[in-house]
Amino acid sequence: MLLPVPDEDGAPFWEYAARGELRIQACAAPGCGKLRFPPRPCCPHCRSFASEWRLMSGKGRVWSYVRPHPPLLPAYAAQAPYNVILVELADAPHIRLAGNLVTAPDAPLDSLDPARLRIGAKVHVAFTEQDGVSVPRWLLEKS
Amino acid sequence: MAATLKDATAIVGIGQTAFAKQLPQSEKELACRAILAALADAGIAPSEVDAFSSYTMEETDEVEVAKAIGAGDVTFFSKIGYGGGGSCATVGHLAAAVATGQASVGVAWRSRKRGSGPRPWKNTAVQLPTPGQWTRPFGLLRPADEIGMLARRYMHEYGATRDHLFNVALACRNRANQNPAAIMYDRPMTRESYMTARMISEPLCLFDNCLETDGALACVIVSAERARDCRQKPVYVHSVAQGLPAQHHGMVNYWNDDPLTGPAWTAARHLWKQADFGPHDVDVAQIYDAFTPLIPLSLEGYGFCGRGEGAAFTEGGALEIGGRLPINTGGGGLSEAYVHGFNLINEGVKQLRGISTAQVPDAATCLVTAGEGVPTSAILLRS
Ligand SMILES: [Zn+2]
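Same order as they appear, the protein sequences are chains A and B. Following the working numbering, the numbering of the first sequence begins with 1 at its first residue and continues without gaps. Following the working numbering, the numbering of the second sequence begins with 144 at its first residue and continues without gaps.
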């Protein structure tokens, strides 16, 4: 599997993920405080360079999804067709994270019955370790 | 505003190599062959070329090309980024250079061995820039996956179906079936073959994806004044634009407030503002088609229909010859050749010269667009 290769701006996301926390970069300027993703050095709203990483509830909804089929890189081909979902965060719907909807945090990428994939489905985050790196996965909310 | 590019320059030569899954020649040789063919078409000596423009992804640079074809002193050169988003901007940059006197004979080109050569997403040793860490670990690996995500949402929001995507694929294939140079010249498509094709990234199947092609193309740009004395009927560069919308993120425009309004919308606003005519006056369009969903999204962006109406626009043969807006009349990236959209530029020129293999009667205006989903560019051509 491909491991995340963080850049300087993105590194904190992965450091918090290692602690099991989903955090998103936010402007730390008084009176602004807007969230932004992907992370970057300065706030596009007020141009402040002050930032903090705000804890999210980990809840969201499926905004869209695809099911990749081969030809794919070998580790992904072995699990294809799997799903990749885009989750809009409940706390900030304009922030959408790519991820995988699975039956358990460490279940394979193709573990969920594709019939259960649905735009609008409520999901929550969990973390799994992949080759020593903690990556977010998404689980369906029990309805 | 004093200066204007409007009709100040014209494309007076076009050239191309054969298109195939695999060609024996190097990219450099293919580039030189296409450029020399375009100059011969224009009736202009290679030693007169003093401006070059291509894509940042172009492997053959102007130094190599200039010395191979025997160009003289070169006073303008540029490279445009973002893969297929750069195609029309090559013409735009040369038009600006020629119109402002920085150069007199410009050559734009693209040479690529994608059929037999490397593709960026296949390179796992090098992580692609910024979005990589937010997409690659989750198996969102290829452009088809990235655009498939937008396509699924588009279908959900607007009731677009695979039949709409089929309409796009079929129009391109039908035109390729009229074009002996097209890779899919002798390969008709049916609804059955489309619907049963293998999936690449659901909802996108094999025929929603562009070809993988070896080949090269080039065109020659001079001032409108000089164009009158050239061998071919001039095709005027009427309006040009590039488009990088606010908060855009490249192929994965998911973090934009509105991911379904891509760079086409930005390019279109400037393109039409500079033009003497509007979308309803366009006789034929060459719309960048690396993936079928880019067509309905572009139809909306360039103003041929309203937001969410792009899929319905494809119904009733609208994109076919005789339809409301014939598109990609050489077969496009889906069925002629995928050379990062340069074939769309040359096909636009053919239409306005009246020599296309799928000629739109009396075509006098043509929109050509570059890759939607990435920072893009577009040109309006007129005869
Ligand atoms: Zn701010």
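Beta carbons: idealized from backbone N, C-alpha and C, even for Gly.
Asked	Found
Under the three-state DSSP convention, the category residue 352 of chain B falls into	strand
Three-state secondary structure (DSSP) of residue 358 of chain B	strand
Cβ-heavy atom distance, residue 29 of chain A to ligand 1, below 7 Å	yes
Beta-carbon proximity of residue 501 of chain B to residue 321 of chain B, cut-off 8 Å	yes
Selection of the stretch 83-111 of chain A by Cβ proximity to chain B, strictly under 8 Å	84, 86, 94, 95, 96, 97, 98, 99, 100 and 109
CB contact flag (residue 85 of chain A, residue 35 of chain A, <8 Å)	no
Proximity test, Cβ basis, 8 Å: residue 5 of chain A and chain B	yes
Residue-chain proximity (residue 69 of chain A, chain B), Cβ-Cβ < 8 Å	yes
Coarse secondary structure for residue 543 of chain B, derived from DSSP in three states	Here chain B covers residues 144 to 526 and nothing more, so residue 543 of chain B does not appear.
Residue 491 of chain B (DSSP reduced to helix, strand or coil)	helix
Short-range partners of chain A found in the stretch 298-325 of chain B, where Cβ spacing is below 8 Å	299
Proximity test, Cβ basis, 8 Å: residue 12 of chain A and chain B	no
Rounded Cβ spacing between residue 241 of chain B and residue 365 of chain B (contact assumed at less than 8 Å)	6 Å
Residue 45 of chain A beta carbon near ligand 1 (any heavy atom closer than 7 Å)	yes
Residue 32 of chain A Cβ short of 7 Å to ligand 1 heavy atom set	yes
Residues near residue 511 of chain B by beta carbon distance below 7 Å, same chain, minus five either side	231, 429, 487, 488, 491, 521, 522 and 524
Distance, residue 24 of chain A Cα to residue 13 of chain A Cα	7 Å
Cutoff 8 Å; reference residue 179 of chain B; Cβ partners in own chain excluding five residues on either side	158, 189 and 212
Same chain, Cβ closer than 6 Å to residue 443 of chain B, five either side skipped, listed in chain order	450 and 453
Interface flag, residue 41 of chain A vs chain B, CB-CB below 8 Å	no
8 Å Cβ cutoff, residue 344 of chain B in contact with chain A	yes
Other residues of its chain near residue 481 of chain B: CB distance less than 6 Å, five sequence neighbours each side excluded	353, 354 and 356
One or two residues paired with residue 379 of chain B in a DSSP bridge	B:153 and B:525
Interface residues of chain B facing residue 76 of chain A [CB-CB closer than 7 Å]	282 and 284
Residue closest to residue 324 of chain B, alpha-carbon to alpha-carbon, out of B:526, B:153 and B:473	B:473
Residue 205 of chain B, DSSP secondary structure in three states	helix
contact_flag[the stretch 221-240 of chain B, the stretch 375-388 of chain B] where n(CB pairs < 8 Å) is 3 or more	yes
Residue burial classification, residue 368 of chain B (beta-carbon count within 10 angstroms, cutoff 16)	exposed
Buried/exposed call for residue 45 of chain A, threshold 16 Cβ in 10 Å	exposed
Any 3 or more C-beta pairs closer than 8 Å across the stretch 49-63 of chain A and the stretch 115-133 of chain A	yes
One or two residues paired with residue 386 of chain B in a DSSP bridge	B:519
Closest Cα partner of residue 173 of chain B within the set B:252, B:505 and B:348	B:252
Proximity test, residue 259 of chain B beta-carbon vs ligand 1 heavy atom, cut-off 7 Å	no
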